[in-house]
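Visitor: Under our numbering, the letters of the sequence shown match residues 785 to 905, in that order. There's a structure below that I have some questions on.
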Amino acid sequence: DHVRRVIETYEVEYHKPMFMLLQEEFKGNARYAMQLMVDFAYNMALPTGRAIERACAWLGTDNKSLIFLVASRYDLDGPEIARTYEIEFMRSLNERITEETSFSFQGLLVSLLTRPMRKST
Numbered sequence: 785d786h787v788r789r790v791i792e793t794y795e796v797e798y799h800k801p802m803f804m805l806l807q808e809e810f811k812g813n814a815r816y817a818m819q820l821m822v823d824f825a826y827n828m829a830l831p832t833g834r835a836i837e838r839a840c841a842w843l844g845t846d847n848k849s850l851i852f853l854v855a856s857r858y859d860l861d862g863p864e865i866a867r868t869y870e871i872e873f874m875r876s877l878n879e880r881i882t883e884e885t886s887f888s889f890q891g892l893l894v895s896l897l898t899r900p901m902r903k904s905t
């Protein structure tokens with residue numbers, strides 16, 4: 785909520801969308817990180833799916849990012865992440881993870897993706 789209010793305040797005050805500021809003022813990984821923060825403020829599932837795809841898309845899968853993204857977000861937004869990923873990339877998240885990983889690591893990620901959701905209390 786706080787980040788969303790900061791973004792909205794900036795946009796009202798300067799009559800400029802936050803994404804334009806990010807395009808003008810940041811480059812590379814800094815821009816990517818700032819854009820993720822803005823995206824997370826409005827919709828957790830889409831930037832998580834995009835970050836998973838980015839971790840898979842580079843030469844050599846970024847295993848640390850994959851385990852972080854799957855383990856930390858899936859309990860909270862699991863089905864929404866999977867649904868959003870499939871719409872955005874036209875393939876299932878399980879399929880993508882299976883293509884990019886192998887052996888025990890693949891088994892771990894797939895079990896995290898397919899485990900029952902924790903009920904909120």
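A virtual CB, placed ideally from N, CA and C, is assigned to each residue, including glycine.
Roughly how many whole angstroms lie between the Cα atoms of S888 and E808?
Guide: Cα-Cα distance, rounded: 43 Å.
Visitor: In three-state terms, what does DSSP make of T827?
Guide: Per the sequence shown, residue 827 should be read as Asn rather than Thr. DSSP places N827 in coil when its eight states are reduced to three.
Visitor: Can T832 and I881 be called in contact, C-beta distance under 7 Å?
Guide: Not in contact: T832 and I881 (Cβ atoms no closer than 7 Å).
Visitor: Judging by CA-CA distance, which residue of E884, R875, N878, R788 is the nearest neighbour of L820?
Guide: That would be R788, whose Cα lies nearest to the Cα of L820.
Visitor: Measuring only the C-alpha atoms, how far is Y858 from Q890?
Guide: Whole-angstrom Cα-Cα distance: 16 Å.
Visitor: Which of the three DSSP states is assigned to D785 in this structure?
Guide: The answer is coil: DSSP assigns D785 none of H, G, I, E or B.
Visitor: Ignore the nearest five residues each way along the sequence and tell me which others in F803's own chain have a CB closer than 8 Å to its CB.
Guide: Once the five neighbours on either side are set aside, the close Cβ partners of F803 are Q819, V822.
Visitor: On a Cα-Cα basis, can you pick out the residue from R899, N847, D785, I851 that is closest to M828?
Guide: Cα-wise, what sits closest to M828 is D785.
Visitor: Buried or exposed: which applies to G862, given that a residue is buried once 16 or more other Cβ atoms fall within 10 Å of its Cβ?
Guide: It counts as buried.
Visitor: Can you tell me whether L843 is buried or exposed? The criterion is at least 16 other CB atoms within 10 Å of its CB, across all chains shown.
Guide: Classification for L843: exposed.
Visitor: How should A817 be labelled, buried or exposed, when 16 other C-beta atoms within 10 angstroms of its C-beta is the threshold for buried?
Guide: Burial call: exposed.
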